[in-house]
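Visitor:
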């Protein structure tokens, strides 16, 4: 069984868990539950959960413990998309080919569904009684840091602030390190913590995540320019219309592609480092291939 | 020194803590910090923090431990006001006589400032290393439950859903139990947990909080009808214009006043119960007077 197939199995199991997870924590308002479920169910690559699951598998940890944490992370990622799509923010009518939450329901319902996913993600995470108190505190605190006012939301705000001006590439990295990087790095660090991965490998995986996060963002920026609406499922060249700073707009398409390649190489190096130094009795060494495949995925989708 | 003066001292100390608390957890985006500070600083009675502080004082607990928890709660209350005021929600231009956050800044900034206050409240709470891991988990989980998709947000959603129809008084109570009651009850339960208040007294205080919460909501509904714009600091009869179900609109003003009186009596009974049964060596019995004074406050403000 290839690593890809292995992760497909895990991801299918996770998908079932993810949709089921809502009922337990959101039953008191049927409209709210409906809007949360819609937002959570309309596709999504489950990229962040996949990182948690891959790290936990690598560290021979428990997937039953990983799923609720990966789900909480996906709830928070989903809330950020709902709020990001609002008319006052990016004003997107479609996401992954489906009407955005405020188009399907209403702006008020979208705001509240986002608030609910964000808040109750912490309930779900802290409710995992088979995790030690220490791990629950670290995981919840880490998640709030990654998503909060020195993390994702700060990145969002600086991104909006930057719309009216041309940024330097350093400023753009500052934004993306927070806006998308923080949750991606959290996914890996949560997996390492859950599976008690040895510190050296954890450090290398976290560096991998940093490069992966940047690669992911550059890839995302390029996708809007390179692909058309039908392929990306959202309106083409939207960022450009909004006057957003992107890697291709600041560097040009070719240098941005080059930059992406470099980040992928740097990420690959970290995985090689782990492969050459880890005590193989403590980890599932085959799962390292998943991290490499994840980089292929970013590459392939750029249309190489 | 009277209880009232005592609480004023504590609240002044708390106010200083509250404003200072932002810097540590929101420094990465100056606009975000500015909007969070503005929203947090424009008045507010600090009603929920006051409940935490009163409970902790009653249980002879540490105020240094109480302040961050009370602040996290106030951050979350403040986020709910910011989002509630948005054009897609209640569309309020003023709160407590000041421009609402989206009027002062922009809708996008208001959405993000709310998201940031909500998320980073959990960082602040979980960061309190002088609290045991068990208390941190209980406090954070309880806060997310009270504020989340089976708590405050569910109440908000049902409130919006109810706008187009006349509710029964039971449905209205269902809404308010979540929309405002949940955070008020959390304030008391957090205080009880922080100060290790004996279980009998905790149960009675929680019942007190339930009645106080309803009294607070009825009082709030009546305020909009009885007072004019200048006194309440927001536009008069706003709820009526929005077609909202309120206690006076469903019951009439006089019966709503009667209802308020009854809730205050039931709350008072719980405090009397504690007074007559508690081991006075374990608590600061004088602080019970604060809970009675809080009820007076609701009474006085109705204009009796």
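Residue numbers (my numbering), protein chains in the order written: chain A, 82 to 385; chain B, 82 to 385.
Quick reminder that beta carbons are idealized off the backbone N, C-alpha and C, glycines included.
Note that this is a predicted model, so its numbers are computed, not measured.
1. Just how far apart, CA to CA, sit residue 152/A and residue 111/B?
2. Looking at C-alpha atoms only, which residue of 361/B, 104/B, 117/B is the closest neighbour of residue 191/B?
3. Would you please verify whether the beta carbon of residue 140/A is less than 8 Å from any beta carbon of chain B?
4. Alpha carbon to alpha carbon, how far is residue 223/B from residue 148/B?
5. Provide the residue span of the alpha helix (DSSP H) that contains residue 279/B, from first to last.
6. At a CB-CB cut-off below 7 Å, which residues of chain A make contact with residue 221/B?
7. If you draw a straight line from the C-alpha of residue 344/A to the C-alpha of residue 210/B, how long is it?
8. Return no unless some Cβ of chain B is closer than 8 Å to the Cβ of residue 247/A.
9. On the premise that residue 193/A lies in contact with residue 113/A, defined as a C-beta separation below 8 Å, what is that separation, rounded to the nearest angstrom?
10. Taking 6 Å as the limit between beta carbons, can you name the residues of its chain near residue 205/B, skipping five residues before and five after?
11. Just the C-alpha distance for residue 298/A and residue 142/A, rounded to the nearest angstrom, thanks.
12. Do the segment 133 to 140 of chain B and the segment 273 to 287 of chain B make contact, defined as three or more Cβ pairs closer than 8 Å?
13. Going along the chain, which residues of its own chain have a beta-carbon closer than 8 Å to the beta-carbon of residue 383/B, five neighbours each way excluded?
14. Using the Cα positions of residue 325/A and residue 253/A, report the straight-line distance between them to the nearest angstrom.
15. Helix, strand or coil, according to DSSP, for residue 175/A in the structure here?
16. Could you please give the first and the last residue of the uninterrupted alpha helix (DSSP H) stretch that includes residue 209/A?
17. Does any residue of chain A have a CB that is nearer than 8 Å to the CB of residue 193/B?
18. Could you pull out every residue in the same chain whose Cβ sits closer than 7 Å to the Cβ of residue 270/B, ignoring the five residues on either side in sequence?
19. Taking only beta-carbon atoms, is residue 197/A less than 8 Å away from chain B?
20. Which runs of the alpha helix (DSSP H), 4 residues or longer, sit entirely within the segment 187 to 232 of chain B?
21. According to DSSP, is residue 168/A helix, strand or coil?
22. Provide the residue span of the alpha helix (DSSP H) that contains residue 250/B, from first to last.
23. Write down the C-beta distance between residue 457/A and residue 156/A rounded to the nearest angstrom, noting that I regard them as a contact closer than 8 Å.
24. Which residues in chain A have a C-beta closer than 8 Å to the C-beta of residue 106/B? List them in chain order.
25. How long is the line joining the alpha carbons of residue 164/B and residue 234/A, rounded to whole angstroms?
26. If you measure between the beta carbons of residue 262/A and residue 291/A, is that distance less than 8 Å?
27. For residue 231/B, count neighbouring C-beta atoms within 10 Å of its own C-beta (all shown protein chains included) and say buried if the count is 16 or more, exposed if not.
28. Residue 158/B and residue 264/B look like a contact to me (Cβ under 8 Å); what is the Cβ gap, rounded to whole Å?
29. Considering only the beta carbon of each residue, do residue 188/B and residue 167/B sit closer than 8 Å?
30. Work out the CA separation of residue 169/B and residue 203/B for me, nearest whole Å.
31. For residue 217/A, return the contacting residues in chain B, with the cut-off set at a CB-CB distance below 7 Å.
32. In angstroms with no decimal places, state the Cα-to-Cα distance between residue 236/B and residue 216/A.
33. Could you check the C-alpha separation between residue 245/B and residue 227/A for me, to the nearest Å?
34. DSSP beta-bridge partners for residue 180/A?
35. Does residue 367/B come out as helix, strand or coil in the three-state DSSP assignment?
Guide: Reading off the structure:
1. Roughly 31 Å between the two C-alpha positions.
2. Ranking 361/B, 104/B, 117/B by Cα distance to residue 191/B puts 117/B first.
3. Chain B contact via Cβ: absent.
4. Roughly 17 Å between the two C-alpha positions.
5. Run containing residue 279/B: none; DSSP gives neither H nor E here.
6. By Cβ distance, chain A contributes 203, 207, 221.
7. Between residue 344/A and residue 210/B, the C-alpha separation is close to 37 Å.
8. Using beta-carbon distances, residue 247/A does not count as an interface residue toward chain B, since no partner is under 8 Å.
9. 6 Å between Cβ atoms; contact.
10. Cβ contact annotation for residue 205/B (same chain, cutoff 6 Å, sequence separation greater than five): 106, 149, 153, in chain order.
11. If I take the Cα positions, the gap works out to 29 Å.
12. Yes, the segment 133 to 140 of chain B is in contact with the segment 273 to 287 of chain B.
13. Note on residue 383/B: pLDDT 49, under 50, position unreliable in the model; no value is reported.
14. When rounded, the separation of the alpha-carbon atoms in residue 325/A and residue 253/A is 10 Å.
15. DSSP places residue 175/A in strand when its eight states are reduced to three.
16. Counting along the chain, residue 209/A falls outside any alpha helix (DSSP H), and DSSP gives it neither H nor E.
17. Closer than 8 Å to some Cβ of chain A, the Cβ of residue 193/B qualifies, so yes.
18. Here the set comprises 223, 287.
19. Closer than 8 Å to some Cβ of chain B, the Cβ of residue 197/A qualifies, so yes.
20. For the segment 187 to 232 of chain B, whole alpha helix (DSSP H) runs of length 4 or above, ordered along the chain, are 188 to 207, 214 to 228.
21. In the structure shown, residue 168/A sits in coil (DSSP, three-state: anything other than H, G, I, E or B).
22. From DSSP, the alpha helix (DSSP H) with residue 250/B extends over 250 to 257.
23. With chain A covering only 82 through 385, there is no way to say anything about residue 457/A.
24. Per Cβ cutoff of 8 Å: 229, 230, 231.
25. So the two alpha carbons sit approximately 15 Å from each other.
26. Inclusion of residue 262/A and residue 291/A in the CB contact set at 8 Å is warranted, their separation being smaller than that value.
27. Residue 231/B is buried by the Cβ-count criterion.
28. Confirmed, Cβ separation roughly 6 Å.
29. Between residue 188/B and residue 167/B, the CB-CB gap stays under 8 Å.
30. Residue 203/B and residue 169/B have their C-alpha atoms spaced approximately 26 Å apart.
31. Result: 218.
32. Those two C-alpha atoms are separated by around 31 Å.
33. One C-alpha to the other measures close to 39 Å.
34. Looking at the DSSP assignment, residue 180/A forms a beta bridge with 175/A.
35. If DSSP states are grouped into helix, strand and coil, residue 367/B belongs with the helices.
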